[in-house]
Amino acid sequence: MASMAFLRLALTAWALAASWRPAGGQDPDDPSGPLPRGCGWGLGRPYTLLCDLDAVWGVAVESAAAGGALVSLLLALALLCRLRGIGEAEKRSGVGPLLLLLLGALGLFGLSFAYLVERDESLCVLRRALWGLLFAVCFACLLAQGVRLRRLGGGRRSPGGCALTGLALGLSAVQGIIAAEWLLLTVLREGRAACQYLPVDFSLACSYVLALLLAALAAAALALCGKARQWRCHAAWLLVTCLLSLLLWAAWVGFYLYGNAWLGRSPEWDEPALAIALVAQGWLLLLFHAIPEAHLCMRPPPQPTAPDYFDTSQTSTRLRETSFDEDIPLSHRQFVENQGYGYSDEGTPGMRTGGGGGGGGVGGVPGVVGGVGPGLVGGAGGGGGGGG
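Residue 388 in the working numbering is what sits at position 386 of the sequence shown, and the numbering runs on without skipping anything.
In structure tokens form, the structure reads like this:
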């Protein structure tokens, strides 16, 4: 049932672009009408929005979607090539959900081209099938990253990358079942055309996607309050991504439900609103989550900064800045100074008097007097007297 839902849900999203009328008032469903300005060279109906210069939004969406798809592919290839270089298990656990998110972003960019082709029944089913499913894949990956960062921030071990990827796929499969049931009830059971549905029904079918986004926002906020500062940068980028995605969803849902009707452009501006929402969400995920997370994962771990004892420049600088006297207490420092002064005052005169008389020389060194017997002292003194 889920696989059939995936095929049918996405074929619906393509159809609403054909209800938009070019500025010249030409009917795009009329194959005999003239081609819009800028079309030709093999680009005709049903691909006129890809080249119509009067419908500027089509060319802008095409360029932005192509650039986003290219960036997603290059980033996924870079992650796969550098996967062996990521040695930390905590960082490797986030690569799986990140690759799945890049795949979902690539699907968002690809689905935007469905709004640049004139609709038919198959494209309407494709739109309705893949719209909610692709958003669910992306937001489920954000939720899985929030769970991972919450555990790492709390000092616990993160689940494996395969477990987190399986969690994201399981959560997104629920949206596939919801969309499949919606198509089965409206198209097969009631016999309605796949392109005929109310904007309210389309928005209500994405309620589960919005619930995933709110859960990811809560998980990112909890991860930001973790104890480990190492993972706060990851959690901050995740929180910013969820907040901006929530604002984007509030903007496009409000415009899709009420803005078009209030401006009187309800059937004409439905396709631009949905296509721009797809491309904007894809680029938002790339700029605020995929690229920063990939950079943080592939960045080498910081090396421990140990002091280099063989660096003479650092040693001389430290010796100039610090003095040995500063490490000696004040009382001990005075004792050393007194001993040095006593040695210079007693020893030096003793050596000098020793040249004039033997008694002065021996008496000049108290330690020698104490260690030498009285006879030696007397003999030395007698010798000195005889010399006198």
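Heads up, the beta-carbon is just placed ideally off N, CA and C, and yes, glycines get one too.
This one's a predicted model, so the numbers in the text were calculated from it and none came from an experiment.
Say the cut is 8 Å; is the CB of Q232 nearer than that to a heavy atom of the ligand ADP? The ligand ADP is absent from the structure shown, which contains no ligands of any kind.
Query raised in the report: In whole angstroms, what separates the C-alpha of L280 from that of S114?
Result: 6 Å
Task: Which of helix, strand or coil DSSP assigns to G365 - done: With a pLDDT of only 44 at G365, under 50, the local geometry of the prediction cannot be trusted, and the value read off the model is given with reservation. In the structure shown, G365 sits in a helix (DSSP, three-state: H, G or I).
Open item on the list: Going by DSSP, what residue range makes up the alpha helix (DSSP H) through R47?
Closed with: Neither: R47 is in no alpha helix (DSSP H) and is coded neither H nor E.
Check: Is I293 helix, strand or coil when you go by DSSP?
Finding: helix
Assuming contact is defined by CB atoms lying nearer than 9 Å, are L226 and G70 in contact in what I supplied? Not in contact: L226 and G70 (Cβ atoms no closer than 9 Å).
Contact set for L219: own chain, Cβ-Cβ below 6 Å, skip 5 residues either direction = So the qualifying residues of the chain are C244.
Worksheet entry | Delimiting residues of the alpha helix (DSSP H) encompassing V176 | G163 to L185
**OP:** Measure the Cβ-Cβ separation of E120 and R47 and say whether it is below 9 Å.
**Re:** yes
Legend entry - Spatial distance of H297 from G266 (CA atoms): H297 and G266 have their C-alpha atoms some 45 Å from each other.
Handout entry: Helix, strand or coil at D272 according to DSSP, with G and I counted as helix
Key = helix
For G157, does the count of other Cβ atoms within 10 angstroms reach 16, so buried, or fall short, so exposed? By the neighbour-count criterion, in which 16 or more other beta carbons inside 10 Å mark a residue as buried, G157 falls on the exposed side.
Problem set entry | Reduced DSSP secondary structure (H/G/I, E/B, other) of A230 | Three-state DSSP puts A230 in coil, outside helix and strand.
- How many angstroms separate the CA atom of H291 from the CA atom of L240? 6 Å
| request: Please determine if the region 129-146 and the region 103-111 are in contact, where contact requires at least 3 C-beta pairs separated by less than 8 Å. | output: They touch, by the three-pair rule.
Quiz item: Ordered along the chain, which non-local residues of its own chain (more than five positions away) have a Cβ less than 6 Å from that of L100?
Solution: E295
| said: Taking only three categories from DSSP, how would you classify E92? | reply: helix
(request) Examine the Cβ distances between the region 168-176 and the region 184-192 and report whether three or more of them are shorter than 8 Å. (result) no
Requested in this report: Could you check which residue in M300, L212 and L104 has the C-alpha nearest to that of W251?
Outcome: L212
- Task: With G203 as the anchor, note down where its alpha helix (DSSP H) starts and where it stops.
- Result: It is worth fixing the name first, because residue 203 is Asp in this sequence and not Gly. For D203, the enclosing alpha helix (DSSP H) starts and ends at P201 to L206.
Self-check item: First through last residue of the alpha helix (DSSP H) which encompasses S114
Solution: Here the alpha helix (DSSP H) through S114 covers V97 to S114.
For L52, report the span of its alpha helix (DSSP H) as first-last. Premise fails: L52 is in no alpha helix (DSSP H) and is neither H nor E.
* Can L118 and L52 be called in contact, C-beta distance under 9 Å? -> Taking 9 Å as the Cβ cut-off, L118 and L52 qualify as a contacting pair.
How far does the alpha helix (DSSP H) with A68 in it reach, from first residue to last? V58 to C83
Quiz item: Is it true that the CB of A275 sits closer than 9 Å to the CB of F257?
Solution: yes
Determine whether the beta carbon atoms of S95 and G148 lie at a separation below 9 Å. no
Query raised in the report: Among the residues of its own chain, which have a CB less than 8 Å from the CB of L248, if the five just before and after it don't count?
Result: L215, L216 and L219
**Q.** Exposure of E273, with buried meaning 16 or more beta-carbon neighbours within 10 Å
**A.** buried
- Leaving out the 5 sequence neighbours to the left and right, which residues in its chain are closer than 6 Å to A66 when beta-carbon positions are compared? Contacts found: V281.
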